[in-house]
Amino acid sequence: MTEQQQQARTRRKPRSLAQELVTVLTERIRSGQLKRGDKLPTESQIMAEEGVSRTVVREAISRLQAAGQVETRHGIGTFVLDTPSGAGFRIDPATIVTLREVLAVLELRIALEIESAGLAAQRRSDEQLAGMRAALDELNEGAAHASDAVSADFQFHLCIAQASGNHYFADILHHLGTSIIPRTRLNSARLAHDDQAHYMSRLMHEHEAIYEAIARGDSEGAKMAMRMHLSNSRERLRQAHAEAEAQEG
Numbered sequence: 001m002t003e004q005q006q007q008a009r010t011r012r013k014p015r016s017l018a019q020e021l022v023t024v025l026t027e028r029i030r031s032g033q034l035k036r037g038d039k040l041p042t043e044s045q046i047m048a049e050e051g052v053s054r055t056v057v058r059e060a061i062s063r064l065q066a067a068g069q070v071e072t073r074h075g076i077g078t079f080v081l082d083t084p085s086g087a088g089f090r091i092d093p094a095t096i097v098t099l100r101e102v103l104a105v106l107e108l109r110i111a112l113e114i115e116s117a118g119l120a121a122q123r124r125s126d127e128q129l130a131g132m133r134a135a136l137d138e139l140n141e142g143a144a145h146a147s148d149a150v151s152a153d154f155q156f157h158l159c160i161a162q163a164s165g166n167h168y169f170a171d172i173l174h175h176l177g178t179s180i181i182p183r184t185r186l187n188s189a190r191l192a193h194d195d196q197a198h199y200m201s202r203l204m205h206e207h208e209a210i211y212e213a214i215a216r217g218d219s220e221g222a223k224m225a226m227r228m229h230l231s232n233s234r235e236r237l238r239q240a241h242a243e244a245e246a247q248e249g
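If you're matching positions, the sequence shown starts at 1 in UniProt numbering and goes up one per residue.
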């Protein structure tokens, strides 16, 4: 890469550079240059090869992880998981950015996770229930730290999907990754005209209601609690969406 090209790329926004890098790495996987099980070049190597910053590399790797194409093993490196399919149904987590898209994903989650919660109440093991409890405890403890809270929130929902006894529920959540949690892309508390502490308190109560219903084996109660939780999230974001569109109009 020439110095002039590198300067031109430096002026580009990190987000667009990250997407370009995702495209480059995805094509290497698709073409077979990088095969399943292969280790990706190091961050430093990618930075040197593509002329981008460490921030851009990490954002691109994060998107590939969310898409289920790679996994990072701490202290070892990042490895290729799968070859992207050129056809068929696919949701790219990297595109779930706007409020409209987050709302659309919430509608998908409502359809899937209500049934998942009902099945989990019928089928969960004590070990799976303990996993849900651990995720909730971590979520409540990490409420002040957005990144920790998002990870624990996702883990809680994933535990429920796994406890459903139907691996397809968990597969879909794995595919979407933590991008399904709205506050990874949007400041949900601000959009809901709420302070963060009160917002997290409401989420805590909603999550606890789901957990308690699953713990007592109440399938209908678990479905109702999950519906309320996701519907509340959708309504808060829907109102924010309507307000944003009104301001633009």
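From the three backbone atoms N, C-alpha and C, an ideal C-beta is built for every residue, glycine too.
Because the structure is a prediction, the values reported are computed rather than measured.
Ranges of the alpha helix (DSSP H) found wholly within the UniProt domain "HTH gntR-type" (15-83), counting only runs of at least 4
43-50, 54-66
Where does residue 165 sit, in a helix, a strand or coil, going by DSSP?
Along the sequence shown, one-based indexing puts residue 165 at 165. Of the three classes helix, strand and coil, the one that applies to residue 165 here is coil, per DSSP.
What whole-angstrom Cβ distance do residue 36 and residue 81 have, given they're in contact under 8 Å?
Sequence index remark: in the sequence shown, residue 36 carries index 36 (1-based). Sequence index remark: in the sequence shown, residue 81 carries index 81 (1-based). Yes, residue 36 and residue 81 are in contact; Cβ-Cβ is about 7 Å, under 8 Å.
Is DSSP giving residue 217 helix, strand or coil here?
For the purposes of this step, residue 217 is taken as the residue at position 217 of the sequence shown. Of the three classes helix, strand and coil, the one that applies to residue 217 here is coil, per DSSP.
Where does residue 238 sit, in a helix, a strand or coil, going by DSSP?
Within the sequence shown, the letter at position 238 stands for residue 238. The answer is helix: DSSP assigns residue 238 an H, G or I state.
Tell me whether residue 124 sits in a helix, a strand or coil according to DSSP, three-state version.
Position 124 of the sequence shown holds residue 124. The answer is coil: DSSP assigns residue 124 none of H, G, I, E or B.
Given this structure, state the Cα-to-Cα distance separating residue 105 from residue 16, to the nearest angstrom.
Stepping through the sequence shown from its first residue, residue 105 is reached at position 105. Stepping through the sequence shown from its first residue, residue 16 is reached at position 16. So the alpha carbons of these two residues sit roughly 23 Å apart.
Stretch-stretch touch, CB-based, cutoff 8 Å, three pairs: the region 224-242 with the region 105-118:
yes
According to the neighbour-count rule (16 or more other Cβ atoms, all chains shown, within 10 Å of its Cβ), is residue 217 buried or exposed?
Counting from 1 along the sequence shown, the entry for residue 217 is found at position 217. With fewer than 16 other Cβ atoms within 10 Å, it is exposed.
Nonlocal neighbours in the same chain, by C-beta distance under 6 Å from residue 323, ignoring five residues either side:
Coverage of the chain is limited to positions 1 through 249, which leaves residue 323 absent and any answer about it impossible.
To which residues of the same chain is residue 123 closer than 8 Å at the C-beta, ignoring the five residues directly before and after it?
The sequence position of residue 123 within the sequence shown is 123, counting from 1. Contacts found: 163, 164, 165.
Cut-off 6 Å between Cβ atoms - residues of its own chain near residue 234, not counting five sequence neighbours on either side:
Counting from one through the sequence shown, the residue named residue 234 turns up at place 234. Counting only Cβ-Cβ distances below 6 Å, and skipping sequence neighbours, we find 106.
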